[in-house]
Amino acid sequence: MSIDEGVSKKHLNEDRSVEEAWPDFVSFLKAKDSRITQARRIVFEHVFARHDHFRADDLAGELASGPNHVSRGTVYRTLDLMTEAGLVQKIRDQDVHAHYEHIYGHGRHHHLICEKTGRFIEFASPEISAEIDRICKKHGFKQRLHRIVVFGELEE
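Laid out in structure tokens, this is it:
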């Protein structure tokens, strides 16, 4: 079970503090019998300090040296766990590169991705989200999440 299932309405519609996210992640790890390590905490803190879409390789490079060294494998495994927990969202671009963003505490939003520049543009649309909710309800479908990514090119 993801953290999101337990806090979905709050998670999707209200701001949640980063301070709330760590205890929720610890509970998630305990439920999976996964270790709670300093390295995972470092990855967690670096992810939540970012306010962009990033690649795992970039984060691993940042954490490869210095006093808070974290191995590349730990970065990837922790991002996978954070994704499973509903704290992080993985978005693939047209080249199938995975980009991540933390979503805990952020409302529903969607993405436009420029295939020429790689730029991500976030947008919220309560109308689109409401329509998806309506369609799910009509079909008796319990959605866990929905994600809309539109690929194209920015006008010059």
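Okay, so the sequence shown: first residue is -8 according to this note's numbering, each after it adds one.
Each residue gets a CB set at the ideal place from its N, CA and C atoms; glycine is no exception.
Query                                                                                             : Result
T108 versus E146, I27, K81 and A47, residue with shortest Cα-Cα distance                          : E146
The segment 69 to 82 contacting the segment 28 to 44, beta-carbon criterion three pairs below 8 Å : yes
Closest by C-alpha distance to H101, when choosing among L136, G131 and I126                      : L136
Secondary structure of R26, DSSP reduced to three states                                          : coil
Where G143 sits in the DSSP three-state scheme                                                    : strand
Run of the alpha helix (DSSP H) containing I123, from where it starts to where it stops           : P117 to K129
Segments assigned alpha helix (DSSP H), at least 4 residues, entirely inside the segment 55 to 81 : 63 to 75
I112 to W13 span [Cα, whole Å]                                                                    : 27 Å
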